[in-house]
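A short worksheet on the structure shown next.
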Amino acid sequence: MLRRTLFGLSVLTLIAAAPGAVATAAVQDEKVIPAAMPTDGPRTLDPVRGSTTYDNMGCAQVYETLLQVSYHDNQRFEPLLLAEMPTRLDGGKRYRFRLRDDVRFQDDDCFPGGRGRRMVTDDVFFSWKRLADPENGLKNWWLLEDAIVGFDSPEDGEAFDYDAPIAGFVKISDTEFEVELTRPVFRFLWVLTMFQTAIVPHEAVEHYGEDFGAHPVGTGPYVLDEWIPKQRLTFERNPNYYESYYPAAELWSEEDREAGLADAAGQRLPIADRIEFAMIIEEQPRYLEFKQGNMAWIESSRSRTLVSCSARGPSG
Numbered sequence: 218m219l220r221r222t223l224f225g226l227s228v229l230t231l232i233a234a235a236p237g238a239v240a241t242a243a244v245q246d247e248k249v250i251p252a253a254m255p256t257d258g259p260r261t262l263d264p265v266r267g268s269t270t271y272d273n274m275g276c277a278q279v280y281e282t283l284l285q286v287s288y289h290d291n292q293r294f295e296p297l298l299l300a301e302m303p304t305r306l307d308g309g310k311r312y313r314f315r316l317r318d319d320v321r322f323q324d325d326d327c328f329p330g331g332r333g334r335r336m337v338t339d340d341v342f343f344s345w346k347r348l349a350d351p352e353n354g355l356k357n358w359w360l361l362e363d364a365i366v367g368f369d370s371p372e373d374g375e376a377f378d379y380d381a382p383i384a385g386f387v388k389i390s391d392t393e394f395e396v397e398l399t400r401p402v403f404r405f406l407w408v409l410t411m412f413q414t415a416i417v418p419h420e421a422v423e424h425y426g427e428d429f430g431a432h433p434v435g436t437g438p439y440v441l442d443e444w445i446p447k448q449r450l451t452f453e454r455n456p457n458y459y460e461s462y463y464p465a466a467e468l469w470s471e472e473d474r475e476a477g478l479a480d481a482a483g484q485r486l487p488i489a490d491r492i493e494f495a496m497i498i499e500e501q502p503r504y505l506e507f508k509q510g511n512m513a514w515i516e517s518s519r520s521r522t523l524v525s526c527s528a529r530g531p532s533g
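Just add 217 to wherever you are in the sequence shown, counting from 1, and you've got my numbering.
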């Protein structure tokens, strides 16, 4: 059992790392995580429109943020799409960022030739600007509202101008930029771990329009394979995912090592080939699926935590 309450990719990576927790699929050597959601699933896979735990869990497979909460220490932030932690300047009123230079968006028809391009600074600014666009509902605008110099949402009825300069967004190069805050606030770094601030390509938003929430395109370790609303949601390994590894054994606590969470230390991510979510709302059938070894992960009201098991699951 995982003692922490974790969501998104983190918990599924931990499950994949646990001995015997990944089922073997009909395709030889394919590793699959079968998991159950206790709701009818995510409402959207568009980060700026998402708000629920299950929107998060779906989006976290496809999209990534600049920072993430550490796998082995949930009191720490660490770089995800960044090459290093941001540099704090002017007493915390300004931050300098450097992006990884080996991150590409997933292959998709929205790109010329269907091949995903490299992620750059402009993608960060575009993604954050979407939070302030009334066309996206402003549900998550509170995350950055009044936080960045010159970054405001339009008055009622006005369209958001994506080309208008924002004083607090300073581009240095395709991989380096600065953000000037209206005042120093540690919460800003926490916001950069939230899935709503994940980085998306403008090509996908423009290509799919209102359907973008059902056609996610990001930099993450998985790509959407199938989504039948209220029934199932399936993701496949992103074959072009950048080089990233499971945390080293010495970084984990003794308790976590005893639970087997360090057994995958040093393995390249993602560990599983597929993630298969089933929407099972009723507690009893969901728990029976778990007990029978058909699910590697469920959420149980008995503990109100995420639960992993060492059952092998179905074999092909």
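Backbone N, C-alpha and C fix where the C-beta goes; we use that ideal spot for every residue, glycine too.
Residue i by DSSP, collapsed to three states: which one?
i, result
"Q484", "coil"
"P236", "Note that P236 scores 49 on pLDDT, short of 50, meaning its location in the model is unreliable; the coordinates nonetheless yield the value given after this. Here P236 sits in coil by DSSP."
"A431", "helix"
"W469", "coil"
"E499", "coil"
"E493", "strand"
"R317", "coil"
"Q413", "helix"
"Q323", "coil"
"P264", "helix"
"A193", "For the chain, the structure presents residues 218 to 533; residue 193 sits outside this window and is missing."
"T269", "coil"
"G437", "coil"
"Y504", "helix"
"Q278", "helix"
"E247", "coil"
Does residue i pass the burial test, meaning 16 or more other C-beta atoms within 10 Å, or should it be called exposed?
i, result
"L505", "exposed"
"A277", "buried"
"F403", "exposed"
"Q285", "buried"
"T338", "buried"
"P433", "buried"
"T436", "buried"
"W358", "buried"
"N455", "buried"
"T269", "exposed"
"D272", "buried"
"Q448", "exposed"
"A431", "exposed"
Could you name the residues that DSSP lists as bridge partners for residue i?
i, result
"E443", "T451"
"Q285", "E295"
"Y312", "R305 and V396"
"Y462", "R485"
Taking C-alpha atoms, which residue in the options lies nearest to residue i?
i, options, result
"E393", "Y439, M302 and T436", "M302"
"R266", "R311, D318, K248 and S344", "S344"
"I383", "K248, D391, G374 and T399", "T399"
"I498", "P251, A252 and T256", "T256"
"E372", "E352, M411, N357 and T269", "E352"
"I389", "D272, P502, I250 and Y312", "Y312"
"L468", "D324, P502, T282 and A481", "A481"
"D263", "A381, G275, A253 and K447", "G275"
"D380", "L355, G430, D350 and D246", "D350"
"S461", "M496, D319 and F412", "D319"
"G385", "E375, K310, E423 and W514", "K310"
"Q413", "D378, D442, D391 and L355", "L355"
In chain order, each alpha helix (DSSP H) run of at least 4 residues that lies wholly inside the region 327 to 405
338 to 346, all fully within the region 327 to 405.
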